[in-house]
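Read through the structure below, which is laid out as structure tokens, and then see the notes.
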Amino acid sequence: MEQIGIRALKQNASAVVARAAAGEALVITDNGRPVAQIMPLPADRLDALDQAGLLRAATATASEIGPPAPRDGRRTLGDALREMRDEDDR
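Counting from 0, one number per residue, gives the positions in the sequence shown under numbering that gives the first Met the number 0.
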């Protein structure tokens, strides 16, 4: 990541922001010490989660996973809907 001094940032703020908007991340330094970071905003929420490391790639499709198993032997909403449809067909 490129570093840019605070003085250069003040003198070229528009150019620095344009670089960030183009996808470049820059570290701002004060007397040679990193103090801030300017980076592009993510395109959407998923990109933001991905950049934060909070997203994992799917290992299977929804059809491969299948419906959730009922908890504690209770019937699922899907079971209730099937029963209601079966009653309507009679």
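C-beta: ideal position from N, C-alpha, C; glycine also.
Check, Outcome
"Run through DSSP, which three-state label would G131 get?", "Residue 131 cannot be examined here, being either before or after the span of the chain that is shown, 0 to 89."
"Between the C-alpha atoms of L40 and G31, what's the straight-line distance to the nearest angstrom?", "25 Å"
"Could you give the first and the last residue of the continuous alpha helix (DSSP H) run that contains E86?", "L76 to D88"
"Which same chain residues, not among the five before or five after G77, have their C-beta less than 8 Å away from its C-beta?", "P66"
"Distance, Cα to Cα, L80 vs D88?", "12 Å"
"Suppose contacts are defined by Cβ-Cβ distances below 7 Å. Is Q10 in contact with V26 by that definition?", "no"
"Can you tell me which of the three DSSP states E1 falls into?", "strand"
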